[in-house]
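Undergrad: For the sequence shown, UniProt numbering gives the first residue as 1, with consecutive numbering after it.
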Amino acid sequence: MMERVLSNKWMATVASMWIQCSCGVYTFSVYSSVLKSSQGYDQSTLETMAVFRDIGSIGGVLAGLLYSAVTNGSNHSGFGGPWVVLLAGATQNFLGYFLTWASVVGLIKRPPVPLMCLFMYLSSQSMPFFNTANTVSGVQNFPDYSGTIVGIMKGFSGISGAILIRAYNTFYEGEPSKFLLMLALLPTLISLVLMLLVKIYRTNTGDDKRHLNGFFAVALIIAGYLMIIIILENIFTLPLWSDRVIFILLLLLLASPLGIAIRAQNEDSKRVPETLSFDSNPLRGHPELLRSSSDSSVPEDMAYHELPSVALDDKILFDEEGMNLLQAMCTVNFWLLFIAVICGMGSTMAVINNLSQMGQSLNYTSVEVNNLVSLWSIWDCLGRVGAGYLSDYLLHTRGWARPLLMAITLATMIIGLIVIVSGFPRILYVGSILIGICDGSLWSLIPTITSDIFGVRHMGTIFGAITLASPVGFYIFSVKLIGYIYDKEAGGDDHSCFGTHCFTLSLLIMASLALLGFLLAIALFIRTKRFYSLRRLKDSVK
1 MMERVLSNKW MATVASMWIQ CSCGVYTFSV YSSVLKSSQG YDQSTLETMA
51 VFRDIGSIGG VLAGLLYSAV TNGSNHSGFG GPWVVLLAGA TQNFLGYFLT
101 WASVVGLIKR PPVPLMCLFM YLSSQSMPFF NTANTVSGVQ NFPDYSGTIV
151 GIMKGFSGIS GAILIRAYNT FYEGEPSKFL LMLALLPTLI SLVLMLLVKI
201 YRTNTGDDKR HLNGFFAVAL IIAGYLMIII ILENIFTLPL WSDRVIFILL
251 LLLLASPLGI AIRAQNEDSK RVPETLSFDS NPLRGHPELL RSSSDSSVPE
301 DMAYHELPSV ALDDKILFDE EGMNLLQAMC TVNFWLLFIA VICGMGSTMA
351 VINNLSQMGQ SLNYTSVEVN NLVSLWSIWD CLGRVGAGYL SDYLLHTRGW
401 ARPLLMAITL ATMIIGLIVI VSGFPRILYV GSILIGICDG SLWSLIPTIT
451 SDIFGVRHMG TIFGAITLAS PVGFYIFSVK LIGYIYDKEA GGDDHSCFGT
501 HCFTLSLLIM ASLALLGFLL AIALFIRTKR FYSLRRLKDS VK
């Protein structure tokens, strides 16, 4: 009985959601000040720390390779499976954050900058391991709603920063070193407890969308709840006991997906399970070739044998689950995505990691800066779940290609960057909201586009390679651009800068490069428009 309750795709989804919401994404601004002061760093050195952190948090190639090796696209009951990837992530999370905390509090001798960069890399490298195991398993469990499940997983990951900051404000507010210790312990313990529940179940129950919408609604409710609390805290002075009550209600909301999972499994158990037949079309991952197979007058087996004479970016692999990394890198679509990510995610990561310094330069208090980070996590979450759900809806109902939503996202990002440059009072709240939504939208759309175009088998590895572009962009924008200009404008021994001029030129340059990303996304939309139209036609006749 217990095995039936725990061993199903719904419990796997809930376990993945809980692991995702403990990751603590976008919390660097909370402890960056104590890291800077305790180690005596200037702003450029701190930006270097942030670069290594982002290289780790986004470079998911190793996680993807490990996932492919231990799952082999199947559900393992013995050694191997997504839990191996989660275990690797938990180990790195503990080592990286614990050693950083030990350095900050003086438990170990002050490490040289390269060693601290390694600590930053280790702590953040856990994120792609968590994301890969949970997101790719979700896509394999719900292949017909890949956008929705990716949005849910990425959404809970995005809101994790606000959740952990809420726990920090409840128990340790004003002690950022303890926040580092919490980051070392909490995600590690949750992952170790839940990792064996995350498995791949190749079953189709026919009513997945309704229950996935339930998870989607929970994510929106949690995001709305946290946003309301932050707004109230900025307007009123809440009593001390209210922090405990607010946190308990948050825990109850986080537990609510368990009820959805139990109800879904009870309904599924009443049906005769059907074995899920994965897309057997050899063109999956090759959108340019689908035109040949769409002709109903051509027998299926004949179309299969005739197609190898057609070229796809000078390289073809007829694999029902798509391309591997090397084959994907030989396509134009891969590089369009890669460069667009440099322009898009590079800019968003530069903004979030400098949000603390931007707030200080505009005379925001430390509490307001923490609120900005929390609000960023909330709007990032809304962008992730919203873009995932919307991309599925528009694809199935109107045949909209997902790269079109990516282009719209990058256009909105340009507006957000220009809004911050305007320098009006409290405008940083508006700009961070816009850019936070765009960041979340990109994190949801890019892995889904990757699985659409290149297939699901090596999705984790290919997506990890594409997102390596983000730290490249962040290094260019943050260290070589923001850090250089900030230090040039800064004065005094504390390397601080005050006024709108500290970041204006940097943000305008990033807005110009975001425009380039927009044009590349439009090019990708044009190249894949027919593929998505044919996919909609195929879904309509299922």
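Ideal Cβ placement from N, Cα and C applies to all residues, glycine included.
Counting only the same chain and skipping the five closest in sequence on each side, list residues whose C-beta sits under 6 Å from that of residue 23.
TA: 127, 130, 157, 160 and 187
Undergrad: Any idea what DSSP makes of residue 11, helix, strand or coil?
TA: helix
Undergrad: In chain order, what residues of the same chain have a beta carbon less than 7 Å from the beta carbon of residue 28, not counting five sequence neighbours either side?
TA: 50, 53 and 353
Undergrad: Under three-state DSSP, which class holds residue 73?
TA: Residue placement at residue 73 is poorly supported in this model, since its pLDDT is 48, which falls under 50; the coordinates still yield a value, given next. Looking at residue 73 - three-state DSSP - the assignment turns out to be coil, as it is neither helix nor strand.
Undergrad: Using alpha carbons as the reference points, say which of 404, 417 and 372 lies closest to residue 346.
TA: 417
Undergrad: Is the beta carbon of residue 63 closer than 9 Å to that of residue 464?
TA: yes
Undergrad: Can you name the start and end residues of the alpha helix (DSSP H) that residue 225 belongs to?
TA: 208–235
Undergrad: Just to confirm my understanding: we take residue 198, look at its own chain, exclude 5 residues before and 5 after, and list those with CB closer than 7 Å. What are they?
TA: Same-chain partners within the cutoff: 12, 15, 16, 82, 83, 86, 133, 134 and 137.
Undergrad: Hey, could you find the ends of the alpha helix (DSSP H) residue 187 is sitting in?
TA: Per DSSP, residue 187 belongs to the alpha helix (DSSP H) from 176–194.
Undergrad: By Cβ distance below 7 Å, which residues in the same chain neighbour residue 359 in space, the five residues on each side in sequence not counted?
TA: 368, 369, 372 and 428
Undergrad: What's the gap between the Cα of residue 103 and the Cα of residue 40?
TA: Just so you know, the alpha carbons of residue 103 and residue 40 end up roughly 12 Å apart.
Undergrad: Should residue 224 be labelled buried (16 or more other beta-carbon atoms within 10 Å of its own) or exposed?
TA: exposed
Undergrad: Less than 9 Å between the C-beta atoms of residue 448 and residue 150, yes or no?
TA: yes
Undergrad: Spatial neighbours of residue 504 within its chain, please: C-beta separation below 6 Å, excluding the five flanking residues on both sides.
TA: 421
Undergrad: In chain order, what are the residue ranges of uninterrupted alpha helix (DSSP H) at least 4 long that sit wholly in the segment 333–384?
TA: 355–361
Undergrad: Using C-beta distances below 6 Å, list every residue in its chain close to residue 218, excluding the 5 sequence neighbours before and after it, in chain order.
TA: 256 and 257
Undergrad: Name, in chain order, the residues that DSSP records as bridge partners for residue 432.
TA: None, per the DSSP bridge assignment.
Undergrad: How many Å lie between residue 227 and residue 326 at the Cα?
TA: 43 Å
Undergrad: Quick one: give me the first and last residue of the alpha helix (DSSP H) that residue 260 is part of.
TA: 257–269
Undergrad: Are there three or more Cβ pairs, one per stretch, closer than 8 Å when the segment 455–473 is compared with the segment 399–414?
TA: A contact is defined here as three or more CB-CB pairs under 8 Å, and the segment 455–473 fails this definition with respect to the segment 399–414.
Undergrad: Could you please give the first and the last residue of the uninterrupted alpha helix (DSSP H) stretch that includes residue 147?
TA: Per DSSP, the unbroken alpha helix (DSSP H) holding residue 147 starts and ends at 146–171.
Undergrad: Can you list, in chain order, the residues of its chain whose CB lies under 6 Å from that of residue 259, leaving out five sequence neighbours each side?
TA: So the list is empty, once near-sequence residues are dropped.
Undergrad: Suppose the cutoff is 7 Å on Cβ atoms and the five residues either side in sequence are ignored; what does the same chain contact list for residue 533 look like?
TA: Closer than 7 Å at Cβ, skipping near neighbours: 399.
Undergrad: I'd like to check one pair, residue 25 with residue 377: are the Cβ atoms closer than 9 Å?
TA: Taking 9 Å as the cut-off, the Cβ atoms of residue 377 and residue 25 count as close.
Undergrad: For residue 401, which three-state DSSP category applies?
TA: coil
Undergrad: Go ahead and label residue 393 buried or exposed: buried means 16 or more other beta carbons lie within 10 angstroms of its beta carbon, across all protein chains shown.
TA: Exposed, since its Cβ has fewer than 16 Cβ neighbours within 10 Å.
Undergrad: Just reading off the alpha helix (DSSP H) that residue 468 is part of, what are its end residues?
TA: Taken as a continuous stretch (DSSP letters only), residue 468 belongs to no alpha helix (DSSP H), as it is neither H nor E.
Undergrad: Going by the CB atoms, is the gap between residue 201 and residue 36 shorter than 9 Å?
TA: no
Undergrad: Going along the chain, which residues of its own chain have a beta-carbon closer than 7 Å to the beta-carbon of residue 514, five neighbours each way excluded?
TA: 343, 344, 347, 410, 413, 414 and 417
Undergrad: DSSP state of residue 528, grouped into three classes?
TA: helix
Undergrad: Between the Cα of residue 438 and the Cα atoms of 98, 379 and 501, which residue gives the shortest distance?
TA: If you compare the alpha carbons of 98, 379 and 501 with that of residue 438, the shortest gap goes to 379.
Undergrad: Taking buried to mean at least 16 other C-beta atoms within 10 Å of its own C-beta, is residue 384 buried or exposed?
TA: buried
Undergrad: For residue 356, collect the residues of the same chain with a Cβ closer than 7 Å to its Cβ; drop the 5 residues on either side in sequence, then sort them by chain order.
TA: 29, 32, 33 and 369
Undergrad: Apart from the five residues just before and just after residue 480, which ones in its own chain have a Cβ nearer than 7 Å to its Cβ?
TA: none
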